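These notes concern the structure reproduced below.
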Amino acid sequence: METPHAALLRSRLSDDLEANVQRFQRILNADVNSDAHFRYFTTGEKRVCLIYIEGMASDAKVADFALRAMADHPGAENLETLRERVLELAQCDMAESVGDIARAVVTGMTALLMAGEARALLMETRGYPARQVDKPTNESVVLGSQEGFVESLRTNLTLLRRYVPSPRLVTESLTVGRDVPCQASLVWLEGVTPEGVVEALRARLMAVDAPAVRGIGELQQYIEDRPWALLPQFLQTERPDRAASCLLEGQAVVLADNSPYALAAPVSAFHLLHASDDGFARWQYGTFLRFIRFAGTLVSVLLPGLYIALIEHHAHLIPMSLLASITEARASVPFPVFAEILLMEFSFYLINEAGTRMPRQIGSALGIVGALILGQAAVSASIISPILIIIVALTGLGNYAVPDYGFGLGLILYRLGALLAGALFGLYGICAASFCAVTGLCALRSLGQPYLAPVAPPRPHGMDILLRGPVWRQGKGGRS
Amino acid sequence: MSEKTTISRASAVSGVAAALISRAFYGLMVEGPALDNGAWLSILVGLALALPTLWLFRRGVGRSARLLLAAALFVDAMKALEGAAFSESCIAFNHIPSAVLALPLLAAAARCLVLGGDAVGASARIWMRLFIPALGLIVALQWSYYRPLWLTPVLGHGPGGILRGGVRCGLWMAMLGGAGMALCREQVRFERVVRTLAVAALVTAILILLRLMMAPACLSGDMGRALRLDALLTNGRAPLLLQLPMIVIWFVGLTHLLCFEIWCAVALVRKRS
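Residue numbers (this note's numbering), protein chains in the order written: chain A, 3 to 482; chain B, -7 to 265.
Laid out in structure tokens, this is it:
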């Protein structure tokens, strides 16, 4: 079924001003949309009509740089004269397609139609409200930049240009979404980003065949190598310094309008475990932090499964004093260990989700409710054992130590798998599950690059995988 | 060539090495018949016996030879599967049938068939990287319990036993090495094959020596598989907690062995040229 006004959108302008205006009035539902404006004006002998959306276009720009300019310089005979000599706008392009003009108008540009012209001028008059550049909300660092991406694509591109002030930085504009287009940009560093990467990413973006793409997260799922995989194959960051670092390392970056995040690829699992301030601290401390993060990841995935495997099937491996303490703590707990862990995991993520959705005014109360009432009360009521609270807390901390949010979410599912394997088959099950997980990661690709490279398959690399070597030994920066 | 029936050189090297270490150690120290102190010599004898067969493989493997190799790999994989299930039964699940205990490994093997040889070999590479620090940890924790005197008598059950063990090791090396050569996407130099097998043999020999230093040899009779496994995991003196890394190494090693052999067997059957 065709979208409304599909035939009109495919048509081209005629030289009849009224006929053109009526087309746009139908497309923009002017009889209902109170914010679609059609401003007639006469310049010299020529009748013109400005079409813009109130709120998306800046009234001041329309008035000052278009209307006043035409009033001060009457007598323009055609659009070329208007563009070259009258209009005082930085960007002013010609367009003939009704669809292109309509799409430009709804994004905040102003279309200028002139009687006798089968073209229109598209003037850059965007002036919609947008959030100012602020601190990143989900990727905090101690050292490093405190700027984050915002919803405006233009602002985000500007931020990237500031962090990579090189003439080799290329920002290619694309549109994704069949019916409701979304502006996107493919960004790469010429001479650094391999051409194959750029071409592959461009081809995937052009091949997106969705009616609408609502943001960068949705776009990522359309262009990933394996959308069924648990772990992301793109790095999603809200930090321009991180995105700039990706560009300098030879990755390509994708930005989309209305999304305060950037996608970078190709990435490996190690990229997703690196934080942007690893490189700002001294190499010894950077290495130490990475070890902590890697250890936290392993703890997050394996600790609950190991706990249940040891308690249920391999109790003889636990030192007697610890075993006695655990047994005493669990003596009055009515549930089996597996149920206990599932209950705690569910509670933890329920608190987590509620904390994310809850209004800020009452959000602080959740910490008190979650920590004191649920945790302490559950232990006092012997619903769960105290040691399990420690297990789940360590697991949660390990999960939150992962810098990439999508990667952390994937680890949750791996953890559940390890938990089930440990409950059913003990250490043997955990070993089999770990083998399956690692093998799956070895088969995973990010834009065709192996997910666990350069460890497997082995490739020459600098000291920046697990160890964060001194920066002068890593060969970072834009290569010539 | 299809990526599902071939493997890259790096993955083949890792996969063959990991599989051989697991197979040889399991076969010589647990599966039986017992070789005891002569086991580490058997692995070296096996290397010498395998080289002529591998020399023949370097010019290519015909279809009949591939099918024979596939059958041998499949049978050996089933032995590894049975060994893993038996190990798990000994360690914790003696009340559960072996067929049920085999299910996780069968699932892992099936997954490897889908993922391909490169993934299996890459996984083996990661395992080898983790295996060495894990082994170092075990050695460090058990250092005070090792007794070098228990390496004697050096020949164990005698030259006959060493030779029998050597023949078995040679078969495993020829099987795994031949599969790696037949399925490798790139040209493999014979020297590389020899080096890979030699390193794997050396690592296995070191593991065997470490194991022999943990408990005195039982040369007067056969302990049986269960007791041999128990002697591997604990020496009766070290804390039981130290079994944890050894159990992990044991099961992960057997998992790699099974999955690599099954993948190789299926790939050899599916390969057209």
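Yeah, the Cβ is synthetic: ideal placement off N, Cα and C, and Gly gets one too. These figures come from a predicted structure and were not determined experimentally.
- In the three-state DSSP reduction, His149(B) falls in the coil class, being neither helix nor strand.
- Within 10 angstroms of the beta-carbon of Gly113(B) lie 16 or more other beta-carbons, which makes it buried.
- In summary, the residues of the stretch 0 to 24 of chain B whose CB is separated from some CB of chain A by less than 9 angstroms are Ser0, Ala2, Ser3 and Ser6, in the order they occur in the chain.
- In the three-state reduction of the DSSP assignment, Ile241(B) falls in the helix class.
- Interface with chain A (9 angstroms Cβ-Cβ cutoff): Leu73(B) is excluded.
- Assigned with DSSP and collapsed to three states, Cys210(B) falls in coil, not helix or strand.
- Using beta-carbon distances, Thr196(B) does not count as an interface residue toward chain A, since no partner is under 9 angstroms.
- When the five nearest sequence neighbours on each side are left out, the beta carbons in the same chain lying within less than 6 angstroms of the beta carbon of Ser0(B) are those of Asp110 and Arg177, in order along the chain.
- Residues of the stretch 419 to 433 of chain A that bring their beta carbon within less than 9 angstroms of a beta carbon in chain B comprise Ala423, Leu426, Phe427, Gly428, Leu429, Tyr430, Gly431, Ile432 and Cys433, in sequence order.
- CA-to-CA, the gap between Gly46(A) and Arg128(A) works out to about 27 angstroms.
- Secondary structure note for Arg470(A): it is in no beta strand (DSSP E), with a DSSP letter that is neither H nor E.
- At least one CB atom of chain A sits nearer than 9 angstroms to the CB of Trp119(B).
- Contact of Val240(B) with chain A by beta-carbon distance below 7 angstroms involves Leu429 and Cys433.
- Within chain B, no residue has its beta carbon less than 8 angstroms from that of Ala113(A); the closest one is some 52 angstroms off.
- With contacts defined as CB atoms closer than 9 angstroms, Val108(A) and Leu15(A) fail to qualify as a contacting pair.
- Only residues of its own chain outside the window of five on either side were considered, and among them Arg1, Ala4, Arg50, Gly172 and Met173 have a CB closer than 8 angstroms to the CB of Val180(B), listed in chain order.
- Taken in chain order, the members of the stretch 103 to 117 of chain B whose beta-carbon sits within less than 7 angstroms of a beta-carbon on chain A are Arg103, Cys104, Leu107, Gly108, Ala111, Val112, Ala114, Ser115 and Arg117.
- For His39(A), the uninterrupted beta strand (DSSP E) segment begins and ends at Ala38 to Thr45.
- Within the stretch 51 to 73 of chain B, no residue has a Cβ lying closer than 9 angstroms to any Cβ of chain A.
- Taking Ile320(A) as the centre and dropping the five residues before and after it, the same chain places the C-beta of Leu312 closer than 6 angstroms to its C-beta, in chain order.
- Val244(B) and Glu192(A) have their C-alpha atoms roughly 44 angstroms apart.
- For the 9 angstroms CB-CB criterion, Leu429(A) and Ala126(B) do not form a contact.
- Taking a beta-carbon distance threshold of 9 angstroms, Thr441(A) counts as an interface residue toward chain B.
- Counting the other CB atoms within 10 Å of its CB gives Val106(B) a total below 16, which places it among the exposed residues.
- Between Ser334(A) and Ala380(A), the CB-CB gap reaches or exceeds 9 angstroms.
- As DSSP reads the structure, Met125(A) sits in a beta bridge with Cys94(A) and Thr112(A).
- No residue range can be given for Lys137(A), since it is assigned to no beta strand (DSSP E) and is classified by DSSP as neither H nor E.
- The beta carbon of Phe409(A) sits closer than 8 angstroms to those of Leu233, Pro234, Ala271, Leu274 and Leu275, all from its chain and outside the five residues before and after it, given in chain order.
- Just so you know, the alpha carbons of Ala383(A) and Val303(A) end up roughly 28 angstroms apart.
- Cβ-Cβ separation between Gly419(A) and Ala435(A): approximately 6 angstroms, consistent with a contact (criterion under 8 angstroms).
- Taking a Cβ-Cβ threshold of 7 angstroms, the residues of chain B close to Ala445(A) are Leu107, Gly108 and Ala111, in chain order.
- In this structure Cys82(B) is in contact with Leu221(B), their Cβ atoms being roughly 5 angstroms apart against a cut-off of 8 angstroms.
- Its chain contains Pro229 as the residues whose beta carbon lies nearer than 7 angstroms to that of Gln223(A), once the 5 sequence neighbours on both sides are disregarded; these appear in chain order.
- For Phe437(A), the closest Cβ of chain B is nearer than 9 angstroms.
- Around Ala246(A), no beta-carbon contact reaches into chain B at under 7 angstroms, the shortest distance being about 31 angstroms.
- Within the same chain, and ignoring the five residues on either side of Val195(B) in sequence, the residues whose Cβ sits closer than 6 angstroms to its Cβ are Ile13.
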